[in-house]
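Heads up: the structure comes next, in structure tokens.
Numbering (the working numbering), first residue to last: 209 to 266.
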């Protein structure tokens, strides 16, 4: 198999960990939540803070 190591696949499989790793490496990331969003109210507040349009990913 030629590709990423199991550790990298695991890291990038978790969006929160991947975002944190990219930020720590100095790579640009889209504006968004640093933590999982737990409610629709939190999502709406973050959308207002970021500005529209927004993309919601699971």
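Note that beta-carbon positions come from the ideal geometry of N, C-alpha and C, so glycine has one too. Since the model is a prediction, treat every value here as computed from it, not as a measurement.
Problem set entry | Beta-carbon spacing of residue 262, residue 253 below 8 Å | Cβ distance not < 8 Å, so residue 262 and residue 253 don't count as in contact.
For this session: Please go through the same chain and pick out, in chain order, the residues whose beta-carbon is closer than 7 Å to the beta-carbon of residue 229, but skip the five residues on each side of it.
Result: For residue 229, where only same-chain residues beyond five positions count, the Cβ hits under 7 Å are 219.
Exercise. In whole angstroms, what is the alpha-carbon distance linking residue 231 and residue 239?
Worked result: Rounded to the nearest whole angstrom, the C-alpha separation of residue 231 and residue 239 is 11 Å.
Problem set entry | Start and end residues, alpha helix (DSSP H) containing residue 261 | No alpha helix (DSSP H) holds residue 261; DSSP gives it neither H nor E.
Problem set entry | residue 244 - DSSP class collapsed to helix/strand/coil | Reduced to three states, the DSSP call for residue 244 is coil.
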